[in-house]
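Numbering (mature numbering (1 follows the signal peptide of the UniProt record, and there is no 0)), first residue to last: -18 to -1, 1 to 369.
The beta carbon of each residue, even a glycine, is placed where N, CA and C say it ideally should be.
Here the structure comes first, spelled out in structure tokens, and everything after it is commentary.
Here it is in structure tokens:
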């Protein structure tokens, strides 16, 4: 059985031609048909469980267990979901056959349509996925465990129409190195998990109020030894505005590096079609950021990373695009659900944030192999290592 979303179909009128979008009962886009009856594209439903590349290896591996613990905080009466990763005291053989935790990843197509094209779409077309971690050795929390105290804390800040799981692959690796990692769902996420305007005060909650409450209610009692923050795209603005000059900051695929405080790392790509890395060149030079070459980064051959460090992928054709920096399971879920809408968005001139490029490149895992060691080593050096 197919349900025709008439509200959406009415919006798709271009040059006198009309299109109708078909959605199945589970909320998956199934086809796009022109007014002449031609089938322009179709898709088949995929399993709602999306696995990371690490879960394909069935062998047991010696690894530090990482605990994933879903949290929530109340921000002016609005409940905000927070993904949390922290190290476990379990070290040894962790089998990849063991059931991993599942991340509740939601794509609100109704919210995406409203944000990008001011379309009013029904919420029944929204979709939820259960994502597996990227890293082996991530285990679910047993009830609500006490979070580790007196350890370094890193916040993750997703971008526009992102998710608290976008940087989960980085969060998992940081937790394995002894960090407590917290990733809140911000109002600009692709999930419609809360209404930022439903605050008690009547003032919409935003990234700053969410992070302030997170630091006060979750981090405050834990007496962290140091603070850091990693952001992607729009999250790079959050990187710059959060904390004080003692924080260590990492900006990925943003318009420019943070120059707030002495410790800042910038990562970008000339193949980013959503945010031009050219905007970052002048501040990188002006504020004396060391520029790492790709050979050094890929071989991990640095002795010590400078306090202000930058790395830019220079391959203009095959370098990472804007969403290559996100966790592979998140991108796979977006591909499986949103691919049928890509031709429509391109036809209407709606920004697709490099989704079209990633549909071809599928390079999240390859990008992560380069970026994650750099981010982890940089944060370890300035948040854990005693100089």
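If distances are taken between C-alpha atoms only, which option among the options comes closest to residue i?
i           : options               : result
residue 357 : 66, 291 and 253       : 291
residue 343 : 190, 332 and 304      : 304
residue 257 : 337, 61 and 287       : 337
residue 362 : 155, 89 and 236       : 155
residue 153 : 163, 286 and 145      : 163
residue 168 : 354, 283, 57 and 351  : 57
residue 265 : 354, 240, 253 and 187 : 240
residue 196 : 316, 352 and 224      : 224
residue 51  : 220, 200, 281 and 288 : 200
residue 339 : 355, 353, 352 and 321 : 321
residue 119 : 282, 69, 92 and 262   : 69
residue 271 : 289, 284 and 285      : 289
residue 309 : 295, 323, 347 and 282 : 347
residue 105 : 97, 316, 91 and 325   : 91
residue 381 : 351, 355, 366 and 295 : In the structure as shown, the chain begins at -18 and stops at 369. Residue 381 is therefore absent and cannot be evaluated.
residue 130 : 207, 214, 212 and 293 : 207
residue 297 : 214, 315, 259 and 115 : 259
residue 111 : 226, 214, 184 and 145 : 145
residue 355 : 97, 335, 283 and 93   : 283
residue 107 : 251, 319, 364 and 214 : 319
Does the separation of the CB atoms of residue i and residue j fall below 9 angstroms?
i           : j           : result
residue 231 : residue 255 : no
residue 64  : residue 157 : no
residue 387 : residue 172 : The structure shown has nothing for residue 387, since the chain only spans -18 to 369.
residue 59  : residue 182 : yes
residue 302 : residue 147 : no
residue 140 : residue 117 : no
residue 83  : residue 123 : yes
residue 174 : residue 100 : no
residue 218 : residue 236 : yes
residue 238 : residue 249 : no
residue 203 : residue 161 : no
residue 186 : residue 193 : no
residue 349 : residue 306 : yes
residue 242 : residue 222 : yes
residue 313 : residue 253 : no
residue 113 : residue 170 : no
residue 359 : residue 274 : no
residue 46  : residue 176 : no
residue 317 : residue 326 : no
residue 132 : residue 54  : no
residue 220 : residue 261 : no
residue 280 : residue 352 : yes
residue 66  : residue 191 : no
residue 341 : residue 330 : no
residue 159 : residue 366 : yes
residue 102 : residue 93  : no
Report the partner residues of residue i according to the DSSP bridge assignment.
i           : result
residue 251 : 295
residue 67  : 50 and 163
residue 326 : DSSP, once it has assigned bridges, lists no residue as partnering residue 326.
residue 230 : 210
residue 56  : 61
residue 122 : 50
residue 246 : 231 and 290
residue 273 : 292
Between which two residues does the beta strand (DSSP E) holding residue i run?
i           : result
residue 304 : Taken as a continuous stretch (DSSP letters only), residue 304 belongs to no beta strand (DSSP E), as it is neither H nor E.
residue 139 : 134 to 139
Since residue i is in the alpha helix (DSSP H), which residue starts that stretch and which ends it?
i           : result
residue 176 : It is not in any alpha helix (DSSP H) - residue 176 carries neither H nor E in the DSSP assignment.
residue 397 : Lying outside -18 to 369, the shown extent of the chain, residue 397 is not represented and no answer is given.
residue 221 : 217 to 223
residue 280 : 276 to 281
residue 355 : 346 to 365
residue 312 : 310 to 320
residue 258 : Unbroken run through residue 258: none, as it is neither H nor E.
residue 190 : 189 to 196
residue 341 : 337 to 343
Cβ-heavy atom distance between residue i and the ligand COA below 8 angstroms?
i           : result
residue 254 : Among the components modelled here there is no ligand, and therefore nothing to report on the ligand COA.
Problem - Any alpha helix (DSSP H) of 4 or more consecutive residues that is wholly inside the region 83 to 120 - result: 91 to 99
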